[in-house]
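Chemist: From first to last, the protein sequence lines stand for chains A and B. Per our numbering, residue 247 is the first one in the first sequence, and the count goes up by one each step. Per our numbering, residue 72 is the first one in the second sequence, and the count goes up by one each step. Once you've had a glance at the structure underneath, I'll fire off some questions.
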Amino acid sequence: MMALVLAMVWSRRGQALTLALLAMVSVAAAVAAPAYVQAADRAVAAGQVETSLPRERSLQVSKIEDARSGEGDSLSFTNVGPALVAFPGFSNVFSAEYPTLGIEPDVKLRSRFVYRQDVCSHLSIVAGRCLIGEGEVVIGEQTARRRSLAPGDAIELTYAEFSQDPRTPRFEPKGQPKRVTVVGTYRVPDPTAVYWGTHGYFAADPGPRAGEPVFADSATLSTMDHGKTQLSIDSAAGPDALDVDKLAGVQAALDGLRDMTIKIGAPILTETGIPDLLARIEAGRAAARVIVPVIAVPLVLLSCFVIFLAVGYGTEGRRPELAVVALRGARWWERWWLATGESLVAIVLGALVGCLAGQLLVNAIAAARFPGVGVAPAFSSLRYAPLAALAAVLAALLAQRRQLLSPVSALLRRLPVTGRRPPVLDLTVALLAIITGVQLNLSGDPTGAGLFAPALIVFAFALVVGRALLPVVTRFAVRALRRGRLGVALAGLQLSRRSGARGLFAMLVAAVAVAGYAACAADVGARDRAVQATLGTGADRVLTVEPGTPQQLLTAVRAVDPEGAFAMAVARTPGSGVGEPPGLAVDSTRLATVANWAGGPDAAEVARALRPAAPEPIVIPGRDLNVSVTASGLEDSPPLRLTVTVTSVTGLGSANVAFGQLQDGPYTYGQRVPVCRAGCRVDGLQITVIGGTNGVRCRLILTGLGSINPVRAALPAAELADVKRWRMPRFGTLTAVPAGLQVDLDAPGGLPDGAWIQPADTPSPLPVAGAGRSTDDTITGLDGQLVPVTRIADLPAVPRLGRRATVSDLEYLDRYATAATTTTLPEVWLSAAAPADTLDRLAAQGLVVTADTRASVVRAQLDEQGPALALWFYVLAGCLATLLGAGALILAAAVDRARRVQDLSALRAQGLNRRAAGQATLWTYPILAVIAVLAGLGIALAGWGLTGWTLPLAGIKPAPLPFADWPRPLVLAAAGLAMLIVLAGVALLTGRDLRRRVRAAGVNEGEGR
Amino acid sequence: MRTLTVDAAQVAYGDGVPVLRDVTVTVRPGEILAVTGPSGAGKTTLLAAMAGLLPPAAGRVLVDGGELKDRDQGVALGVVLIPQENGLAAILTAAENIAVAVIATGGTPADARRGTAESLERVGLAGQADQLVDELSGGQQQRAAIARGLALRGDVLLADEVTSELDAANRQKVIELLRAEAVRGAAVVFATHDPEAAAACDHELHLADGEATLVR
């Protein structure tokens, strides 16, 4: 019996080969998906390690030990530390440090006295030499210049501790001085090198000074009389330590370190970004694991559908043969085996080859797309292969169901039994699509039953469209015939009336829909990454700087870019109100040129609206601040204090100038304010109660405000008295009087936070633009006080912060603040037009950059993340789906060929001319391809609209950015065109082949002889 | 109307042995020529040569004195062929098969509609006009092919064994239809096994062993 089946396979080897190839594709798709996930796992890890920050490739374990208390004797860090930090492939650097006095003259400033293993090989000695023995130190070149020290100089260092008394904020010597010799001065070639760990040795020190520790050897630190010492081990990953195969070991070592430190119970501190890196890798992998199977399922289904059609065509041709087998009374299993054996043998052989082909396909893609990462083939890739093979077998059996179950009489009929059959397959698929679609909609997670929803929805639509298209094409062709257009009519009728036309239609439409769905995902994913990189970063480049006052930040950035062409100062509003969205405060004069904008209202218009014209701030022209106030009625109130808050207009900082108790009658208060030496802006005048909570009721007249040396008023007298120039939100009223500005204080409940009189140098309410719904009419200002706001524009998203946030003008917000504050998350945003030396220019303005984020780097990182890598599988799936469609076309053309040659030859004999016959042969399948591409793309969009939102294309936990919902029409059109070119190209080739055969057959092929 | 002449024709497939040798016969407008002979005698081959499907290896086929070179020319000259195997396209209905042929031979869509309805009526297939060919019985298919031949209203009508699958009544009806075509002025050639049918024709050409003999 087996020999007979093999003989049948051989006699119809073309069909068997086709079936084997289709089974191969099906199983290959099922093998490729998990294999690709494994390859992507490795690629995600490799990509994230490659783009990680130094802190994510190292860890620091530290402990503070006090040698004087004997703490170091038991469980000494020197002994325990190396045992804790035993990460394979990591190199450890031991260090110790404590603060000392002796170099800086100001006792508020200490020098970090540091031993660091192998430090000399990481320093560039500018003068003298590096360390050799005990009692030697090397100091930074800027320190040496500032303190006029040179190699050979002796200095005396003393261990110091910071005073615990808040009244004396300074370092105090707490040990015996030690005399050491400066043997060299150094410069650091690469302060950001992994070797230096995360100690911030070279970050700006208070003073401000450049961060320059005093380096010495271990013996020097040990022998100096000292107390608490910070001991640490910096462990940095070597070149191969974070190889994808070793990440599990690193995670295990991290877990071991955590357990060990808990067991030891000593206060050992671990600082590392490795968990962040591992979490990012895991998040990327998790996204890839979710995304890849979503397209693998329809690909396998598509393969099974093609198998179903192929077997159906083949079996239909074998009906007389099967009838003869049945007629001869073969036993049921023999009949079954003879009917199905041929298909099963081909499918099994194809499935076996598919296991290998799937892995090889992934290997090839991985080699091209992730060079150097490798794929680590594993048998686990084959776990879905049996299921795919089983699905292929079931598809084949389903296609043969009629031939297996029909009585002999039915098999002997020349024509199959016609008539309407209930659309069981269509209804089943539609029902499953609804069930899984609802499940997916409820869970929002394309796993479990939801995993099958996109595939089933696409196939359900394809089956419906396939069913609906046939009558349309028939009507079209019949109408063409009635109009005498024979070529088109014959092409259309050939399509709609061929045996199995509906299945072929549905299959082609489904193939295009699967490829279209893949194209949708790939394009939306790319757009999401672009949004994350551009809008999520905020600008082309974002520099995080050390906190200062808003005015310092604004002044520095404007000094670097006076024209507003490429740099913008940015800070965050505290956003501490209940339900208050996060807020961005920007120098809106350059918002349009620097920020990456999300669309919606024009950035320049929004910027103009954020910064309407406002009175100029009141500026004290010199450092000696002078305030004249005439007070009356103070006897009825507790003692009151006058404070003026000012901010340097040149970025020197801010100050609260306390003038002490308000005096009855006219009085001029004066004080020297260093930050005002080049002029400063008045932020506000504050009246507070000195002790007590009694009510306040008195009258003050501000008669003068300015500076002496130079003697100049901040405002002319008339303007000083102008109530429009001032604002007093609470606790009193303002009146213009001939002597000046009259303030009638009336606070029966006292002044817990003081009464503020502020210059009206901003619009009020303050304009803000916002994304997301908000009915709030206030935001939290920079000083933590509520600021009344009015929304001047609704944005789709605020750069960096996303779909629920506000943006306001930093300078106005700063002016609105009553108290001098430090900025929250100060940043400098740069556009692509920023010159290469911008960082140097910012440094020259006193800004210390602590982080540097580029949109291009973020994009590169995202391109190596799980979703992006997973979408390459979609590209592969799209190509395979298109090829399956093309294969189905070829198969259909091959099956139809003999009958079509006969029909067309017969029609030629009846007068059909060459042109019409040529049209009928050439146009048939291209028409089908055009219809399939149009319908398939429509279904792809419908399927995408219903299910695409569940794909984590922007990561498992994406930022709240306005991600794309739909692919770009042009991209989808290009994908459709590519599919059309392939399908129509194949169709044309089959048509040309048919035309050649019709010509070769001659016009009498259809005649008897 | 045109006269069909076969002049000393020798007919063969490719370079093979000639199926027919030195056949000479003329069919004039209004006449029916019966072509008889045993199976394999070359009746279909002779009609294929007359239709322009098979160029003679020697001799000529003439239509009104002009040499017929191929089937396209035959169609242009109004030489209509009703093939033995019907020559119907399976993807078309009976009516569409006729309409395609009418339009392909220069008729207008209106001509096609009119001719289709009339001819199907004449062969008794008006009720099967919209059935696909595969849904018709063998006899119905044969009558559909005859209807197509009638609808084309050719000057020369070649009917190859067109009564082989018909019952006696329909056979008689078809012979009458052929006669009607002759009366219309067409030169009709009718290949048949049936002596009675042959007897109803004006002339008879008997084929045997590659030779053609004009019996009457």
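Ideal placement from N, C-alpha and C gives every residue a C-beta, glycine not left out.
Reducing DSSP to helix, strand and coil, say where GLY318/A ends up.
Modeler: As a working note, residue 318/A is residue 72 in the first sequence. Here GLY318/A scores only 49 on pLDDT, less than 50, and its place in the model is too uncertain to base an answer on.
Chemist: Just to check my reading of the structure: THR1196/A and ASP691/A have Cβ atoms closer than 8 Å, yes? What is that Cβ distance to the nearest angstrom?
Modeler: Position 950 of the first sequence, counted from the first residue, corresponds to residue 1196/A. Position 445 of the first sequence, counted from the first residue, corresponds to residue 691/A. About 6 Å; that satisfies the 8 Å criterion.
Chemist: Taking three-plus beta-carbon pairs below 8 Å as touching, is the segment 427 to 434 of chain A in contact with the segment 368 to 375 of chain A?
Modeler: Judged by Cβ distances under 8 Å, the segment 427 to 434 of chain A makes contact with the segment 368 to 375 of chain A, as three or more pairs qualify.
Chemist: By the 10 Å Cβ neighbour count, where 16 or more other Cβ atoms means buried, how is MET237/A classified, buried or exposed?
Modeler: Given that chain A is displayed from residue 247 to residue 1255, the structure contains no residue 237/A and the question cannot be resolved.
Chemist: Determine whether the Cβ of GLN740/A lies closer than 7 Å to any Cβ atom of chain B.
Modeler: Locating residue 740/A in the first sequence gives position 494, counting from the first residue. Closer than 7 Å to some Cβ of chain B, the Cβ of GLN740/A qualifies, so yes.
Chemist: With C-beta atoms as the reference, is LEU709/A less than 7 Å away from THR1170/A?
Modeler: Along the first sequence, one-based indexing puts residue 709/A at 463. Along the first sequence, one-based indexing puts residue 1170/A at 924. No.
Chemist: Would you call GLY145/B buried or exposed, if buried means 16 or more other Cβ atoms sit within 10 Å of its Cβ?
Modeler: To locate residue 145/B, count along the second sequence from 1; it is residue 74. Answer is buried; the Cβ neighbour count reaches 16.
Chemist: Enumerate in chain order the residues of its own chain whose CB-to-CB distance from ALA1065/A is below 6 Å, with the five nearest sequence positions on each side excluded.
Modeler: Residue numbering aside, residue 1065/A sits at position 819 when the first sequence is read from its first letter. If we look at ALA1065/A and ignore the five residues flanking it on each side, its Cβ neighbours are THR891, ASP1029.
Chemist: Which residues, taken in chain order from the segment 1126 to 1159 of chain A, show a beta carbon closer than 9 Å to some beta carbon of chain B?
Modeler: Those residues of the segment 1126 to 1159 of chain A that come within reach of chain B (Cβ to Cβ, closer than 9 Å) are ARG1145, ARG1146, GLN1148, ASP1149, LEU1150, SER1151, ALA1152, LEU1153, ARG1154, ALA1155, GLN1156, GLY1157, LEU1158, ASN1159.
Chemist: Enumerated in chain order, which unbroken segments of the beta strand (DSSP E) with a length of 3 residues or greater are wholly contained in the segment 386 to 446 of chain A?
Modeler: DSSP runs (the beta strand (DSSP E)) wholly in the segment 386 to 446 of chain A: 400 to 408, 417 to 419, 424 to 433.
Chemist: Within 10 angstroms of its Cβ, does MET753/A collect 16 or more other Cβ (buried), or is it exposed?
Modeler: What you label residue 753/A is simply residue 507 of the first sequence in a count that begins at 1. Result: buried.
Chemist: I believe LEU1135/A touches VAL1232/A by the beta-carbon criterion, under 8 Å. Please report the beta-carbon distance rounded to the nearest angstrom.
Modeler: Here residue 1135/A refers to the residue found at position 889 of the first sequence. Here residue 1232/A refers to the residue found at position 986 of the first sequence. Indeed they touch by this definition, with Cβ atoms about 5 Å apart.
Chemist: Measuring alpha carbon to alpha carbon, tell me which of ASP929/A, LEU931/A, SER894/A ends up nearest PRO920/A.
Modeler: Mapped onto the first sequence, residue 920/A falls at position 674. Measuring from the Cα of PRO920/A, the nearest candidate turns out to be SER894/A.
Chemist: Tell me the rounded alpha-carbon separation between TRP1266/A and LEU477/A.
Modeler: A query on residue 1266/A cannot be resolved here, the shown segment of chain A reaching from 247 to 1255 and no further.
Chemist: I want to verify the contact list: residues of chain B whose CB lies under 8 Å from the CB of LEU732/A, in sequence order.
Modeler: Counted from its first residue, the first sequence places residue 732/A at position 486. Within chain B, the residues near LEU732/A are VAL171, ILE174, ALA175.
Chemist: Where LEU688/A and LEU1199/A are concerned, what is the direct C-alpha to C-alpha distance, given to the nearest angstrom?
Modeler: Looking up residue 688/A in the first sequence gives position 442. Looking up residue 1199/A in the first sequence gives position 953. Computed Cα separation, rounded: 19 Å.
Chemist: Would you say ARG728/A reaches chain B, if we count a Cβ-Cβ gap shorter than 7 Å as a contact?
Modeler: Here the question's residue 728/A lines up with position 482 in the first sequence. So yes, ARG728/A belongs to the interface.
Chemist: Residue range of the beta strand (DSSP E) that SER900/A falls in?
Modeler: Working through the first sequence from its first residue, we reach residue 900/A at position 654. From DSSP, the beta strand (DSSP E) with SER900/A extends over 900 to 907.
Chemist: Among LEU1126/A, LEU1218/A, ARG1241/A, GLN1091/A, which one has its Cα closest to the Cα of ALA1162/A?
Modeler: On the first sequence, residue 1162/A is found 916 positions in, with the first residue counted as 1. If we check each option's Cα against that of ALA1162/A, ARG1241/A comes out closest.
Chemist: Among the candidates PRO539/A, GLY587/A, ALA406/A, GLN917/A, whose CA atom is the shortest distance from the CA of ASN955/A?
Modeler: Position 709 of the first sequence, counted from the start, is the residue given in the question as residue 955/A. Considering only alpha carbons, the answer is GLN917/A.
Chemist: List, in chain order, every chain B residue whose beta-carbon is nearer than 7 Å to that of ALA206/A.
Modeler: One cannot answer for residue 206/A here, as it falls past the ends of chain A, which runs 247 to 1255.
Chemist: Going by C-alpha distance, which of LYS970/A, CYS1125/A, ALA1015/A, ALA802/A is nearest VAL1095/A?
Modeler: By 1-based counting over the first sequence, the position of residue 1095/A is 849. For the residues LYS970/A, CYS1125/A, ALA1015/A, ALA802/A, the minimum Cα distance to VAL1095/A belongs to ALA802/A.
Chemist: Are the C-beta of VAL245/B and some C-beta of chain A separated by less than 7 Å?
Modeler: One-based indexing of the second sequence puts residue 245/B at position 174. For VAL245/B, the answer is no, since every Cβ of chain A falls outside 7 Å of its Cβ.
Chemist: Check whether chain A comes within 7 Å of ASP86/B, counting only Cβ atoms and requiring the distance to be less than that.
Modeler: Locating residue 86/B in the second sequence gives position 15, counting from the first residue. With 7 Å as the cut-off, ASP86/B does not count as an interface residue toward chain A.
Chemist: Can you tell me which of the three DSSP states VAL194/B falls into?
Modeler: Residue 194/B sits at position 123 when you count from the first residue of the second sequence. DSSP places VAL194/B in coil when its eight states are reduced to three.
Chemist: Please list, in chain order, all residues of the same chain as ALA779/A whose beta carbon is under 7 Å from its beta carbon, the five residues on each side excluded.
Modeler: Numbered from 1 along the first sequence, position 533 holds the residue referred to as residue 779/A. Counting only Cβ-Cβ distances below 7 Å, and skipping sequence neighbours, we find ALA1101, VAL1104, ARG1105, LEU1108.
Chemist: Does any residue of chain B have a CB that is nearer than 7 Å to the CB of ARG615/A?
Modeler: Counting from 1 along the first sequence, the entry for residue 615/A is found at position 369. So no, ARG615/A is outside the interface.
Chemist: Between the beta-carbon of LEU403/A and the beta-carbon of LYS420/A, is there less than 7 Å?
Modeler: Counted from its first residue, the first sequence places residue 403/A at position 157. Counted from its first residue, the first sequence places residue 420/A at position 174. For LEU403/A and LYS420/A, no; Cβs fall outside 7 Å.
Chemist: Please decide whether ILE217/B counts as near chain A, where near means a Cβ-Cβ distance under 7 Å.
Modeler: As a position in the second sequence, residue 217/B is number 146, starting the count at 1. No, ILE217/B lies away from the interface with chain A (no Cβ there is under 7 Å from its Cβ).
Chemist: Measure how close the beta-carbons of ILE947/A and GLN907/A come, nearest whole angstrom, since I'm counting them as under 8 Å.
Modeler: Numbered from 1 along the first sequence, position 701 holds the residue referred to as residue 947/A. Numbered from 1 along the first sequence, position 661 holds the residue referred to as residue 907/A. Not really, about 17 Å apart at Cβ, beyond 8 Å.
Chemist: Between GLU517/A and THR444/A, how many whole angstroms is the CB-CB distance? I'm expecting something under 8 Å.
Modeler: As a position in the first sequence, residue 517/A is number 271, starting the count at 1. As a position in the first sequence, residue 444/A is number 198, starting the count at 1. About 6 Å separates the two Cβ atoms, so the contact holds.
Chemist: Return the first residue and the last residue of the beta strand (DSSP E) that MET814/A is part of.
Modeler: As a working note, residue 814/A is residue 568 in the first sequence. Counting along the chain, the beta strand (DSSP E) containing MET814/A begins and ends at 813 to 819.
Chemist: Could you give the DSSP three-state label for TRP1002/A: helix, strand or coil?
Modeler: The residue you call residue 1002/A lines up with position 756 of the first sequence. Correct three-state label for TRP1002/A: strand.
Chemist: Kindly provide the ranges of any beta strand (DSSP E) runs that are 3 or more residues long and lie completely inside the segment 1002 to 1064 of chain A, ordered along the chain.
Modeler: Fully enclosed beta strand (DSSP E) runs of 3 or longer: 1012 to 1017, 1024 to 1026, 1032 to 1041, 1051 to 1055.
Chemist: Should GLU588/A go down as buried or exposed, given a rule of 16 or more other Cβ atoms within 10 Å for buried?
Modeler: Along the first sequence, one-based indexing puts residue 588/A at 342. Buried.
Chemist: Taking Cβ positions, are MET270/A and GLY596/A nearer each other than 7 Å?
Modeler: For the purposes of this step, residue 270/A is identified with residue 24 of the first sequence, where counting begins at 1. For the purposes of this step, residue 596/A is identified with residue 350 of the first sequence, where counting begins at 1. A contact, by the Cβ cut-off of 7 Å.
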